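Protein chains: 2
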Amino acid sequence: MAKPDNRNTTEQVFLDAAERLLVEVGYANITTRRLAEEAGANLGLVHYYFGSMEQLFIRVLERFTDRLIERQRGMYAAPVPFIEKWRAAMGYLDEDLGSGYQKIWFELQALAWNRPELRERLAHVRRQWVATVTEAFGPAMEEYGLDTERFPVAAMVALVATFNEGIILDRLGGVTEGHAELLEMIDNWLVSLEERKREKNKGMGDDHASAHS
Amino acid sequence: MAKPDNRNTTEQVFLDAAERLLVEVGYANITTRRLAEEAGANLGLVHYYFGSMEQLFIRVLERFTDRLIERQRGMYAAPVPFIEKWRAAMGYLDEDLGSGYQKIWFELQALAWNRPELRERLAHVRRQWVATVTEAFGPAMEEYGLDTERFPVAAMVALVATFNEGIILDRLGGVTEGHAELLEMIDNWLVSLEERKREKNKGMGDDHASAHS
DNA sequence: CAATATGTTAGTCATTTGTCTAAGTCAATT
DNA sequence: AATTGACTTAGACAAATGACTAACATATTG
């Protein structure tokens, strides 16, 4: 298959094929032969590169989660207003559905429910995700003047994390009812918070707002 | 196995065994032989009663969702204050985790991602769930004096539905961080809404509040 | 060029899989 | 007690599975 390059290439070909099959048929229906066929490679190579299907799935998970965290970090670290980060994040909901990212992600989760080894890594990813979002939420909530006594940052982050997962789960099941209303409600709320913030800033010296353009 | 009773008994024995295996090993690791062993029944009976594993899973899903919807309906139809319904619903989050209900439920969902036939039924259950919750939320939000223009009932129901699913998903992966804070935040909020309601009622004639005890 | 490490192929192996059948058991009805 | 029908059993079958190996090809290095 991948003659010109080093060992890494064929390995990636297998991981790519595995991701495609996760989208198409789910983890339970992936066999060594099916994987080899999808990768356009020989059956024996699966054993040569990964040793077993179990190890292959671990590699798929590692590569996938690395990319996921990197993207998440990049998005929230960008120097743009919070509402734009939010909209970018919500945009991924649609984008990732079409690309099959979410199917891969949730197939790996379902696989991990029955493999303690994988669960550990999943939990780790989730912790990094929460940490990243928390870093963005803390300052944003302060800017917006939200009462973090009544609405702790940890609670808000947990709310966002869970309802995001729920939305994805719904969509994988073909359900979209209520999603648009929900996202619109939140967006409207953020817009009102932005407006309130701007008025407040104006109240105590508007040199900050006007000095920019 | 189940000699004394009619055909129904052995069938239920298989369905019970299937649920137990869904909890223990997941749908992907259930084979006809393993199922028969778990049920303490003969291998051939699987074919006799269900024809195939596919059909068996359909029966498991049907029985399970029927019970789920019935419970949900009963809970929200009870003539108690909304906050009590809410607390009962949140109580199920812990209860169902211990009993394995959530594992069964999500294994069936994961199975359905790759079986259009099952997806249909899942979506149907979800619609009934939303309908039931909406019936309880509409009146409650009105009582609490929430602005349903800014916070549409459909959006709030979708929020609750999705974050619930997300919490369950987290817990199946062994993650519980932030959940307590989130549930506490919501509970506090509901308590404050209850108080506000009581004060408002007092303001416009307190015969309603005092005439009770 | 020879030697060596790396990558690939075709094919084998023992198990396990889902499905199906023919023979058997047993209780209720006639 | 014989017959009927529902229920159960042991066993068989082809097909598919994961794991593995010995031989071959290729590229890299000395």
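So the protein sequences, as listed, match chains A and B.
Once you know that position 160 of the first sequence is 1234 in the numbering used here, the rest is easy, because the numbers rise by one and skip nothing.
Once you know that position 171 of the second sequence is 1245 in the numbering used here, the rest is easy, because the numbers rise by one and skip nothing.
Glycine residues also receive a C-beta, built at the ideal position from the N, C-alpha and C atoms.
Predicted model only: the values in this text are computed from it and were never measured.
Note down the Cα distance separating residue 1230(B) from residue 1236(B), rounded to an integer number of angstroms.
10 Å
Apply the 10 Å Cβ neighbour rule to residue 1274(A) and answer buried if 16 or more other Cβ atoms are within range, or exposed otherwise.
exposed
Please confirm whether residue 1230(A) has its beta-carbon closer than 9 Å to some beta-carbon of chain B.
yes
Against residue 1237(B), what residues of chain A qualify as contacts under a CB-to-CB distance less than 8 Å, listed in chain order?
1233, 1236, 1237, 1240
Which value, in whole angstroms, describes the spacing of the CA atoms of residue 1160(B) and residue 1184(A)?
28 Å
Please tell me whether residue 1226(B) and residue 1259(A) are closer than 9 Å, where the distance is taken between their beta carbons.
The Cβ-Cβ distance between residue 1226(B) and residue 1259(A) falls below 9 Å.
Using a cut-off of 9 Å between C-beta atoms, extract the partners of residue 1224(A) located in chain B.
What residue 1224(A) touches in chain B: 1259, 1262, 1263, 1266.
Drop a sphere of 10 angstroms on the beta-carbon of residue 1198(B), count the other beta-carbons inside from all chains shown, and report buried for 16 or more, exposed for fewer.
exposed
Which residues of chain B have a Cβ atom closer than 7 Å to the Cβ of residue 1129(A), listed in chain order?
In chain order: nothing, as chain B lies at least about 17 Å away.
Which residues, in chain order, does the region 1092–1108 of chain B contribute to contact with chain A at a C-beta distance below 9 Å?
For the region 1092–1108 of chain B, which is checked against every Cβ of chain A, the residues closer than 9 Å are 1098, 1099, 1100, 1101, 1102, 1103.
Could you check if residue 1284(B) is buried or exposed, using at least 16 other CB atoms within 10 Å of its CB as the buried criterion?
With a pLDDT of 43 at residue 1284(B), under the threshold of 50, the modelled position of that residue is not reliable, and the figure given next carries that caveat. By the neighbour-count rule (16 or more Cβ atoms within 10 Å), residue 1284(B) is not buried but exposed.
Distance check for residue 1125(B) and residue 1261(A), CA to CA, integer angstroms please.
A straight-line Cα-Cα distance of about 50 Å links residue 1261(A) and residue 1125(B).
Can you tell me the Cα-Cα spacing of residue 1220(B) and residue 1214(B), whole angstroms?
9 Å
In chain A, which residues lie with their C-beta within 7 Å of the C-beta of residue 1184(B)?
Ordered by position in chain A, the residues that pass the 7 Å Cβ test against residue 1184(B) are 1184.
So, using beta-carbon positions, are residue 1179(A) and residue 1138(A) closer together than 9 Å?
Less than 9 Å separates the beta-carbon of residue 1179(A) from that of residue 1138(A).
Determine, using beta carbons only, whether residue 1046(B) comes closer than 9 Å to chain A.
Nothing about residue 1046(B) can be read from this structure; chain B reaches only from 1075 to 1287.
Cα-Cα, which of 1188(A), 1155(A), 1181(A) is closest to residue 1272(A)?
1155(A)
Here's a check: name, in chain order, each residue in its chain whose Cβ is nearer than 7 Å to the Cβ of residue 1206(B), leaving out the five neighbours to either side.
1146, 1147, 1150
Can you tell me the Cα-Cα spacing of residue 1282(A) and residue 1257(B), whole angstroms?
With a pLDDT of 46 at residue 1282(A), under the threshold of 50, the predicted position of this residue should be treated as unreliable, though the coordinate-derived value follows. Their backbone Cα atoms lie some 38 Å apart in a straight line.
In whole angstroms, what is the alpha-carbon distance linking residue 1245(B) and residue 1171(B)?
8 Å
Hey, is residue 1234(A) close to the ligand GDP, as in C-beta under 8 Å from one of its heavy atoms?
Of ligands this structure carries none, so the ligand GDP is not represented either.
Please tell me whether residue 1160(A) has its Cβ less than 9 Å away from any Cβ of chain B.
no
What residue from 1232(B), 1252(B), 1217(B) has the CA that sits closest to residue 1269(B)'s CA?
1217(B)
Please identify, using Cβ separations under 9 Å, the residues of the region 1142–1176 of chain A that lie next to chain B, in order along the chain.
Going along the region 1142–1176 of chain A in chain order, one finds no residue with a Cβ nearer than 9 Å to chain B.
In the DSSP assignment, the alpha helix (DSSP H) including residue 1238(A) goes from what residue to what residue?
1227–1246
Along the chain, which unbroken stretches of the alpha helix (DSSP H) at least 4 residues long are found entirely within the region 1081–1108 of chain A?
Within the region 1081–1108 of chain A, the complete alpha helix (DSSP H) runs of at least 4 residues are 1081–1098.
Here's the rule I'm using: 16 or more other beta-carbon atoms within 10 Å means buried, otherwise exposed. How should residue 1115(A) be labelled?
buried
Using a Cβ-Cβ cut-off of 8 Å (strictly less than) and excluding sequence neighbours within five positions of residue 1250(B), which residues of its own chain qualify?
1244
Three-state secondary structure (DSSP) at residue 1256(B)?
helix
Cβ closer than 7 Å: which chain B residues qualify as neighbours of residue 1255(A)?
1226, 1228, 1229, 1232
Is residue 1140(B) close to chain A? Criterion is C-beta to C-beta, closer than 9 Å.
no
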